Each structure stands twice: as structure tokens, then as C-alpha cells.
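In this note's numbering, the protein residues as written are 51 to 330.
All C-beta atoms, glycine included, are put in the ideal place defined by N, C-alpha and C.
Owing to the predicted nature of the structure, the values given are computational and were not obtained by experimental measurement.
Please read the structure below before turning to the comments.
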């Protein structure tokens, strides 16, 4: 992965916590005790975002039903799918997002089976006998007639020191005439230098997932527990948002949008992904 650049810092600093508007205020949706009930499951978050269930949560709407993807219902639902208690985003940005996803001419929906979303699983493992934090990034993929969750990436601070590649004048290198020596200078380079990654290409990035699986197979890495889960979404065109679980009294609980930012281009998206994956 590329090092965090000025662009990354600018983009990440713009990812603010979502405040959302309080229910029942002037010009806002009033809380009737049913509509603002906890979004208890992530699947329910999908259904509410798309307007695929009734306000009381008892009826599922399917394609062909009168209320399926109803715009007015979606506007109500998306409004209450934000963390309103611990977040701090402008009301204007939230409203811009709601207007964008519920636009009459080009509404946008979430799909469980589509790409451009993934889970971040904060886990605890025993690594060589010591409890340590490991982050697993999971994604959905097709399997036979159904789907399955798979591990796509791993973030683990314990692997990073092994790939601290030097740069500039301090970086050891193989002489451009090494081929004339039959590359026999590899012996000295690899045996006397404790940073063999110095001899890799500029495009080289370490594969932490392969290392993770290798350590599990060798018995050095053993799963203990999961501390927390959140989800990252890029399915809405020109936007990124994060969904986290909030367990607290009241109606504004369950799976809610906790981070939100606009994404202008692929470069900004890549900067956000690099920050999330934390491979450096």
C-alpha cells in the first residue's frame, strides 16, 4: 500500500461522525414509538434503507407490492438510520445524502449480494502465546447456489515491522551489473541483510492475509473472540458511509450510520480504503 499522503489526510479528516436530526423537532419526523424502534439486525438496516418493510416491522414488501421502495417511506426510514446521539455531522450533509439516495429520477438502493461493501471485524487472537488485536476484513462472495462470507484482508501490527522497507540512500540494492556475476551477490544480500524486502520492486506490497493463514497453520495464531463489528459501504454513488452497532437505551439504537463523507473520484476512494485497511 502507498504511504499516507496529504490527500489521504484531507479525505480522512473529512469523514465526520453523523449527528442526524433529532426526531420530533420542527420540520422533522415525529417519533411515534414504532417508527424509530431499534434497527436490530443489519439485514433490517438494508430493508429500511430500501423501504422493503412496514413501519412496524411486521410486513415485508416485495417487488410488485404498492409500498415496495416507496419514496416517502424511504425518506422517513433513511432519516432515522443515523446515530443521533454521539455523532457530529452537519445537518446539510445528512440532508444532501438523503436527497441523493431518494432522488425521484435516480434513486439508489443497497444490495446485500452486490459488491462495494464489506465488514470490519475487530478480533482478539493469541499470537505466540500473547493476546493481540487482529482486524479481519470480510466480504460476501457467491458459493454454489448461495453466498458465503470470506476473509479478504487482515490488519495486524505484529506483521508490519517485518516489512519496514528502507528508502533513499540507506536502502541496500543489487548492483545493475549483478547479472554479469550470475547474481551470486544474492548470497551476501540475503544472508547479511536483515531486511530482504529491500530487494523487492517499488510496487511490492506484503500480503498479510497469507502470513496470517501461515501462522494459523503453524499453530502460532489462535482465535479467541470478536470485540466488535462494523460495515463499510461504497454502494451509493459518490458517497462512503460506515454502519456501526449502538447498544443503549431509547429508540436510536442498533445498526446506524456512524460515518459519512462524499467521494469525488477513485483517488479519494482509494485513500479512504488505504486508511481503513491500515496495511502500513
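Subject >> Bridge-paired residues (DSSP) for residue 294 >> reply: 280, 306
Closest residue to residue 148 among 324, 129, 219 (Cα-Cα distance) = 129
- Task: Apply the 10 Å Cβ neighbour rule to residue 251 and answer buried if 16 or more other Cβ atoms are within range, or exposed otherwise.
- Result: exposed
- Message: Within the continuous beta strand (DSSP E) that includes residue 203, where are the two ends?
- Response: 196–205
Taking the CB atoms as reference points, tell me whether residue 165 and residue 302 lie closer together than 8 Å.
no
**OP:** Would you mind stating whether residue 186 and residue 171 have Cβ atoms separated by less than 8 Å?
**Re:** yes
Outcome for residue 273 when other beta-carbon atoms lying within 10 angstroms are tallied against a minimum of 16: exposed
Per DSSP, cross-strand counterpart(s) of residue 183: 174
| request: Answer with buried or exposed for residue 110, where buried requires no fewer than 16 other C-beta atoms within 10 angstroms of its C-beta. | output: exposed
- Item | Residue closest to residue 278, alpha-carbon to alpha-carbon, out of 88, 154, 184 | 184
Checklist entry - With burial defined as no fewer than 16 other Cβ atoms inside 10 Å of the residue's Cβ, what is the status of residue 127: buried or exposed? => result buried
Checklist entry - Which residue's Cα is closest to the Cα of residue 287: 139, 238, 319, 239? => result 319
Legend entry - Contact set for residue 188: own chain, Cβ-Cβ below 7 Å, skip 5 residues either direction: 168, 169, 171, 199, 200, 201, 202
Exercise. Check each candidate in 230, 307, 212, 312 and name the one with the smallest Cα separation from residue 330.
Key: 212
message = Given this structure, state the Cα-to-Cα distance separating residue 224 from residue 238, to the nearest angstrom.
response = 10 Å
Taking buried to mean at least 16 other C-beta atoms within 10 Å of its own C-beta, is residue 216 buried or exposed? exposed
Close-in-space but distant-in-sequence residues of the same chain around residue 82 (CB under 8 Å, 5 per side omitted): Residue placement at residue 82 is flagged as unreliable, the pLDDT there being 48, under the threshold of 50; the coordinate-derived value follows with that caveat. Around residue 82: no qualifying Cβ.
Worksheet item: How close, in whole Å, do the beta carbons of residue 291 and residue 315 come, if the pair is a contact with beta carbons under 8 Å?
Response: Going by Cβ atoms, the distance from residue 291 to residue 315 rounds to 17 Å, so no, they are not a contact pair.
**Asked** Taking the continuous alpha helix (DSSP H) assigned at residue 325, which residues delimit it?
**Response** 316–327
Using only the alpha-carbon positions, how far apart do residue 93 and residue 282 sit?
14 Å
Just verifying my parser: in three-state terms, what is the DSSP assignment at residue 125?
helix
Q. According to the neighbour-count rule (16 or more other Cβ atoms, all chains shown, within 10 Å of its Cβ), is residue 133 buried or exposed?
A. buried
Original post:
For residue 143, which option in 307, 104, 321, 317 has the closest C-alpha, if you only look at C-alpha atoms?
Top reply: 307
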